[in-house]
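Chemist:
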Amino acid sequence: AVECFSLYDISAIVYTKSTHRIILPMIAELYNLIIAIEQREITHEAFANLETTAEELAKATEEPGCIARRLAEESGDEVLEKEMIPATQTLLVSGKNIFLAVQKLLIQPDACSSVEELAVSAKRILVGSIKVH
């Protein structure tokens with residue numbers, strides 16, 4: 010019983026630190042930038058910040074995703090593992106996709122598909138972060 014408590018305690022700490030302090034503010038910033046792009050009110054500085062934010066977000070999703078996956082695998086709980094592994098994989102892939110979407114957007118600022126990819130990836134990171142919790 011002590012070991013299980015320890016695993017869940019660590020998971021809660023990882024979730025709290027990474028999601029509330031890092032991931033959620035970045036998602037909010039990305040959505041604000043997406044709105045600015047769609048309204049054609051984006052500045053050069055905002056584009057520069059967009060790439061930095063996306064890179065930080067990709068890195069920020071990697072640690073909790075890997076930790077949650079490892080904890081699920083080590084838990085011995087088949088149901089937890091069956092649900093957690095796909096959720097962590099989605100989170101990790103979405104983190105990488107958001108960075109790629111931003112790079113595409115920087116190359117082709119008028120491409121609606123890049124803005125859409127960015128929004129979808131941001132949503133998947135948010136949902137994935139909640140599932141990993």
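Residues in the sequence shown are numbered from 10 upward in steps of one, following the working numbering. Just so you know, even glycine gets a beta-carbon here, dropped at the ideal spot from N, CA and C. As the structure is a prediction and not an experimental result, all values here were calculated from the model.
#1: Rounding to the nearest angstrom, what Cα-Cα distance links I107 and E126 in this structure?
#2: May I ask you to report which of helix, strand or coil DSSP gives G85?
#3: Is it true that the CB of M35 sits closer than 8 Å to the CB of A77?
#4: Would you call the region 93 to 100 in contact with the region 56 to 67, where contact means no fewer than 3 C-beta pairs closer than 8 Å?
#5: Can you say whether S122 is buried or exposed, counting buried as having 16 or more other CB atoms within 10 angstroms of its CB?
#6: Please identify the residue among E92, L89, A128 and K91 whose C-alpha is closest to the C-alpha of G104.
Modeler: With the structure as the only source:
#1: 7 Å
#2: coil
#3: no
#4: The region 93 to 100 makes no contact with the region 56 to 67, as fewer than three CB pairs between them are under 8 Å.
#5: Its Cβ having fewer than 16 others within 10 Å, S122 is exposed.
#6: The option with the nearest alpha carbon to G104 is A128.
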